[in-house]
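Enquirer:
2 protein chains.
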Amino acid sequence: MADYDVLCIGNAIVDIIAQCDDAFLETNGIIKGAMNLIDARRAELLYSRMGPAVEASGGSAGNTAAGVASFGGRAAYFGKVSKDHLGGIFTHDIHAQGVAFSTRPLEGEPPTARSMIFVTPDGERSMNTYLGACVELGPEDVEPEKARAAQVTYFEGYLWDPPRAKEAIRQTAMLAHEAGREVAMTLSDPFCVDRYRDEFLHLMRSGTVDIVFANAHEMQSLYQTTSFDAALAQIRRDCRLAAVTRSEKGSIIVRGDETVPIEPLPIRELVDTTGAGDLYAAGFLHGYTQGLSLGACGDLGSLAAGLVIQQVGPRPRQNLRHEAERAGLL
Amino acid sequence: MADYDVLCIGNAIVDIIAQCDDAFLETNGIIKGAMNLIDARRAELLYSRMGPAVEASGGSAGNTAAGVASFGGRAAYFGKVSKDHLGGIFTHDIHAQGVAFSTRPLEGEPPTARSMIFVTPDGERSMNTYLGACVELGPEDVEPEKARAAQVTYFEGYLWDPPRAKEAIRQTAMLAHEAGREVAMTLSDPFCVDRYRDEFLHLMRSGTVDIVFANAHEMQSLYQTTSFDAALAQIRRDCRLAAVTRSEKGSIIVRGDETVPIEPLPIRELVDTTGAGDLYAAGFLHGYTQGLSLGACGDLGSLAAGLVIQQVGPRPRQNLRHEAERAGLL
Chain E
1 MADYDVLCIG NAIVDIIAQC DDAFLETNGI IKGAMNLIDA RRAELLYSRM
51 GPAVEASGGS AGNTAAGVAS FGGRAAYFGK VSKDHLGGIF THDIHAQGVA
101 FSTRPLEGEP PTARSMIFVT PDGERSMNTY LGACVELGPE DVEPEKARAA
151 QVTYFEGYLW DPPRAKEAIR QTAMLAHEAG REVAMTLSDP FCVDRYRDEF
201 LHLMRSGTVD IVFANAHEMQ SLYQTTSFDA ALAQIRRDCR LAAVTRSEKG
251 SIIVRGDETV PIEPLPIREL VDTTGAGDLY AAGFLHGYTQ GLSLGACGDL
301 GSLAAGLVIQ QVGPRPRQNL RHEAERAGLL
Chain R
331 MADYDVLCIG NAIVDIIAQC DDAFLETNGI IKGAMNLIDA RRAELLYSRM
381 GPAVEASGGS AGNTAAGVAS FGGRAAYFGK VSKDHLGGIF THDIHAQGVA
431 FSTRPLEGEP PTARSMIFVT PDGERSMNTY LGACVELGPE DVEPEKARAA
481 QVTYFEGYLW DPPRAKEAIR QTAMLAHEAG REVAMTLSDP FCVDRYRDEF
531 LHLMRSGTVD IVFANAHEMQ SLYQTTSFDA ALAQIRRDCR LAAVTRSEKG
581 SIIVRGDETV PIEPLPIREL VDTTGAGDLY AAGFLHGYTQ GLSLGACGDL
631 GSLAAGLVIQ QVGPRPRQNL RHEAERAGLL
């Protein structure tokens with residue numbers, strides 16, 4: 001038995017979340033629905049123009065780790081914060097959720113990463129991420145015993161943005177595979193896919209990655225096609241298992257010849273889509289590491305994603321195990 | 331015409347909000363539903379035991395100022411933060427809401443105040459406040475032109491906890507009355523009332539305060555009675571105008587012989603009562619400074635309070651002017 005169900009690796013980020021209208025995005029040159037990378041100066045400028053905000057620990061894979069732990073799974077996390085106030089918040093929150101996290105924090109500059117997230121009235125989030133301390137994550141931050149001990153290691157495509165994180169990923173994946181574990185990734189963002197298409201395809205085709213999470217836009221960006229079906233046919237060949245989310249249409253899981261369509265959770269009010277993909281992955285991976293069927297994995301993903309988009313912020317306030325039990329899924 | 335509709339004065343606090351169960355409150359000696367004052371050591375201990383949290387600017391009168399501005403009113407604020415990360419968050423948020431705020435921040439220690447707020451499954455919030463920089467608020471922070479220029483000056487009973495804020499209040503009230511303005515206060519908390527009962531009664535009976543906001547518990551604590559009606563009869567005599575909130579029973583406004591009962595907003599899901607009283611006061615004071623009837627003032631209060639308790643955090647994410655227009659109240 002593995003010591004951990006899921007080891008997540010990602011950019012350790014605190015979210016700063018505010019509402020805005022579509023005109024604000026346009027005026028400020030923010031690509032809607034995307035993760036926009038920004039430098040420290042632009043971070044200051046955007047914050048000065050941002051409305052009243054709330055702060056919450058985020059980071060794609062951090063949200064997934066928190067979700068797995070909330071389902072009752074054993075989660076671990078690698079990610080780099082600085083020894084500052086936001087780093088303290090990030091560390092408190094992930095520990096308080098029960099996630100094993102002991103990446104050595106950076107002393108001094110740059111500060112802990114933050115993402116200014118603007119939520120439009122349609123619930124869509126547009127992210128503006130200053131990577132800060134995340135640029136220092138490297139192979140020296142890999143904890144080999146955790147890499148070997150986790151049933152699935154899951155990482156963000158976003159980790160191709162900082163300079164040395166990809167070396168940490170390759171090393172972790174090697175350790176995991178040597179220990180007979182599996183490796184999963186999320187494609188993260190259509191523009192991120194565009195930046196690193198060849199490398200992501202190589203990760204999949206070389207078997208460095210076994211399981212891929214993507215939304216339809218990311219998958220179609222990967223294969224540079226407007227056809228969902230054509231892209232799905234390709235991703236089916238390029239990895240052992242893929243889960244593709246489609247917003248209000250639910251998701252589709254493919255594994256070899258198998259195709260499992262998953263219904264979305266019925267939504268009362270769409271508030272903020274931040275964390276939807278991260279929590280889908282959390283539910284799916286929790287089910288997967290508990291040995292559930294693909295359909296049951298997808299239903300847990302739909303549940304967690306459906307809950308997180310009905311609130312502000314990237315991690316659901318509910319206990320996901322209780323919610324899953326109440327829904328008859330666990 | 332006044333330059334400001336409402337000047338709010340209070341403890342400038344950032345909220346740290348997490349869920350917990352009732353057993354947690356008991357184990358940690360936290361009085362449920364109350365504002366518990368804590369020192370720096372206990373703040374550290376409670377944070378280490380706190381679940382995953384979100385951060386949001388708070389402070390009772392700060393929430394009211396933000397609410398007035400969200401309704402489209404002209405709001406100003408006096409309150410003391412330190413020049414640190416949380417102070418930056420507080421300042422950004424209140425400025426971004428359009429509130430005039432220029433109290434000189436403290437250089438160095440103590441840090442900006444924070445309140446750890448534990449929300450139980452019934453939606454009740456239990457606050458644990460470390461006053462930090464708030465203890466330095468004093469008469470030197472009174473900006474006389476704002477005190478004279480605001481139609482209503484509104485302050486928290488909580489300001490009797492730090493040592494010198496009450497001097498700032500007395501001075502502001504004098505300036506306001508000299509300029510022909512009105513002064514309002516909230517009784518804040520039943521235990522706060524218990525700490526300063528005689529002083530609060532003196533503020534009312536001496537005419538330092540014209541308008542009083544209270545919930546039923548606070549009003550009954552003020553008059554040390556279990557009878558709502560007996561307390562209401564007394565508060566009616568002790569101030570010119572009082573608005574008493576009663577949770578799901580709505581509120582009652584009394585002025586001389588007038589009695590105006592107000593319905594609550596129908597609630598879909600009670601999430602977190604933090605800010606309910608503050609936002610009731612915001613709605614009421616916005617209506618009052620626009621010259622609306624007492625009934626209309628109360629309805630605006632019910633609207634804002636009803637919205638804030640259906641989300642996590644003390645300031646509604648909605649634009650309150652739009653919500654009030656949609657509800658036919660403005």
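Here the protein sequences line up with chains E and R, keeping their order. Those letters in the first sequence? Residues 1 to 330, by my numbering. Those letters in the second sequence? Residues 331 to 660, by my numbering. Beta carbons: idealized from backbone N, C-alpha and C, even for Gly.
Starting from the beta carbon of ALA405(R), find every residue of chain E whose beta carbon is closer than 9 Å, and list them in chain order.
Expert: Going along chain E, no residue has its Cβ under 9 Å from ALA405(R), so there is no contact; the nearest lies around 13 Å.
Enquirer: Ignore the nearest five residues each way along the sequence and tell me which others in ALA173(E)'s own chain have a CB closer than 7 Å to its CB.
Expert: Same-chain partners within the cutoff: THR153, VAL183 and THR208.
Enquirer: Could you spell out the range, first to last residue, of the alpha helix (DSSP H) harbouring ILE30(E)?
Expert: No alpha helix (DSSP H) contains ILE30(E), which DSSP labels as neither H nor E.
Enquirer: I want to see whether chain R comes within less than 9 Å of HIS331(E), judged by CB atoms only; does it?
Expert: Here chain E comprises residues numbered 1 to 330, so residue 331(E) is not present and cannot be evaluated.
Enquirer: If contact means a Cβ-Cβ distance below 7 Å, which residues of the region 134-168 of chain E contact chain R?
Expert: Listed by position, the residues of the region 134-168 of chain E near chain R (Cβ gap below 7 Å) amount to none.
Enquirer: Just to confirm, is the Cβ distance from GLY73(E) to HIS286(E) under 9 Å?
Expert: Yes, they are a contact pair.
Enquirer: Any C-beta of chain E sitting closer than 9 Å to the C-beta of LEU416(R)?
Expert: It does; some Cβ of chain E falls within 9 Å.
Enquirer: Can you confirm whether HIS286(E), when its beta carbon is compared against all beta carbons of chain R, has any partner nearer than 9 Å?
Expert: No, no contact with chain R.
Enquirer: What are the start and end residues of each continuous alpha helix (DSSP H) run of 4 or more residues lying completely inside the region 381-429 of chain R, in chain order?
Expert: Correct list: 390-400 and 415-426.
Enquirer: List the residues of chain E whose Cβ lies closer than 9 Å to the Cβ of MET380(R), in chain order.
Expert: HIS92 and ALA96, listed in chain order.
Enquirer: I need the straight-line Cα distance from LEU436(R) to TYR223(E), nearest angstrom please.
Expert: Between LEU436(R) and TYR223(E), the C-alpha separation is close to 55 Å.
Enquirer: Residues in the same chain with beta-carbon distance under 8 Å from GLN151(E), minus the five sequence neighbours each way, listed in chain order, please.
Expert: Counting only Cβ-Cβ distances below 8 Å, and skipping sequence neighbours, we find ALA2, TYR4, ASP5, VAL6, ARG181, GLU182 and THR289.
Enquirer: Apart from the five residues just before and just after GLN220(E), which ones in its own chain have a Cβ nearer than 7 Å to its Cβ?
Expert: Here the set comprises THR226, PHE228 and ALA231.
Enquirer: Pair every Cβ in the region 290-308 of chain E with every Cβ in the region 83-99 of chain E, then say whether three or more of these pairs are closer than 8 Å.
Expert: No contact exists between the region 290-308 of chain E and the region 83-99 of chain E.
Enquirer: Is the Cβ of VAL642(R) closer than 9 Å to any Cβ of chain E?
Expert: Closer than 9 Å to some Cβ of chain E, the Cβ of VAL642(R) qualifies, so yes.
Enquirer: VAL135(E) by DSSP, collapsed to three states: which one?
Expert: VAL135(E): helix per DSSP, three-state reduction.
Enquirer: Assuming contact is defined by CB atoms lying nearer than 9 Å, are PHE485(R) and ILE339(R) in contact in what I supplied?
Expert: Yes, the pair counts as a contact, with Cβ atoms nearer than the cut-off.
Enquirer: How big is the Cα-Cα spacing for TYR407(R) and ASN28(E)?
Expert: Their Cα atoms are separated by approximately 29 Å.
Enquirer: From VAL429(R) to GLU588(R), what distance separates their C-alpha atoms?
Expert: In a straight line, the C-alpha of VAL429(R) is about 33 Å away from that of GLU588(R).
Enquirer: Does the distance from the CB of ASP278(E) to the CB of GLN311(E) come in under 9 Å?
Expert: Cβ atoms of ASP278(E) and GLN311(E): not closer than 9 Å.
Enquirer: Does DSSP classify ILE639(R) as helix, strand or coil?
Expert: The answer is coil: DSSP assigns ILE639(R) none of H, G, I, E or B.
Enquirer: Are ASP369(R) and TYR460(R) closer than 9 Å when you measure CB to CB?
Expert: Cβ atoms of ASP369(R) and TYR460(R): closer than 9 Å.
Enquirer: Closest Cβ-Cβ distance between ARG372(R) and chain E: below 9 Å?
Expert: So, not an interface residue.
Enquirer: Residues of chain R with CB under 8 Å from GLU55(E), in chain order?
Expert: Ordered by position in chain R, the residues that pass the 8 Å Cβ test against GLU55(E) are VAL384, GLU385, ALA386 and ILE419.
Enquirer: Give the list of continuous alpha helix (DSSP H) stretches no shorter than 4 residues that lie fully inside the region 506-578 of chain R.
Expert: Qualifying alpha helix (DSSP H) stretches, in chain order: 520-535, 546-552 and 558-568.
Enquirer: Just the chain R side, please: which residues come within less than 7 Å of TYR47(E) by C-beta, in chain order?
Expert: Within 7 Å Cβ-Cβ: HIS422.
Enquirer: Which residue or residues does DSSP assign as beta-bridge partners of GLN349(R)?
Expert: Answer is VAL449(R), bridged to GLN349(R).
Enquirer: Using the three-state DSSP reduction, which class does PRO591(R) fall into: helix, strand or coil?
Expert: Strand, per DSSP.
Enquirer: At the level of alpha carbons, what is the spacing between PHE576(R) and ILE582(R)?
Expert: Note that residue 576(R) is Arg in the sequence shown here, rather than Phe. Cα to Cα, the separation comes out at about 8 Å.
Enquirer: Rounding to the nearest angstrom, what Cα-Cα distance links HIS322(E) and GLY298(E) in this structure?
Expert: Looking at the two C-alpha atoms, the distance is approximately 17 Å.
Enquirer: For a quick check, are the C-beta atoms of MET380(R) and MET446(R) less than 9 Å apart?
Expert: Taking 9 Å as the Cβ cut-off, MET380(R) and MET446(R) qualify as a contacting pair.
Enquirer: With distances taken Cα to Cα, identify the nearest neighbour of ALA426(R) among ALA405(R), LYS410(R), SER412(R) and GLU439(R).
Expert: Nearest of ALA405(R), LYS410(R), SER412(R) and GLU439(R) to ALA426(R), Cα basis: ALA405(R).
Enquirer: What is the rounded straight-line gap between the Cα of ALA281(E) and the Cα of ARG104(E)?
Expert: Each residue's alpha carbon lies about 26 Å from the other.
Enquirer: Of the residues that make up the region 339-360 of chain R, which ones have a beta carbon closer than 8 Å to any beta carbon in chain E?
Expert: Of all residues in the region 339-360 of chain R, ALA348 and GLN349 have a Cβ within less than 8 Å of some Cβ in chain E.
Enquirer: By Cβ distance, which residues of its chain are closer than 7 Å to ASP194(E), with the 5 residues on each side in sequence left out?
Expert: These residues qualify, in order along the chain: SER221.
Enquirer: Does any residue of chain E bring its CB to less than 9 Å from the CB of ALA635(R)?
Expert: Chain E contact via Cβ: absent.
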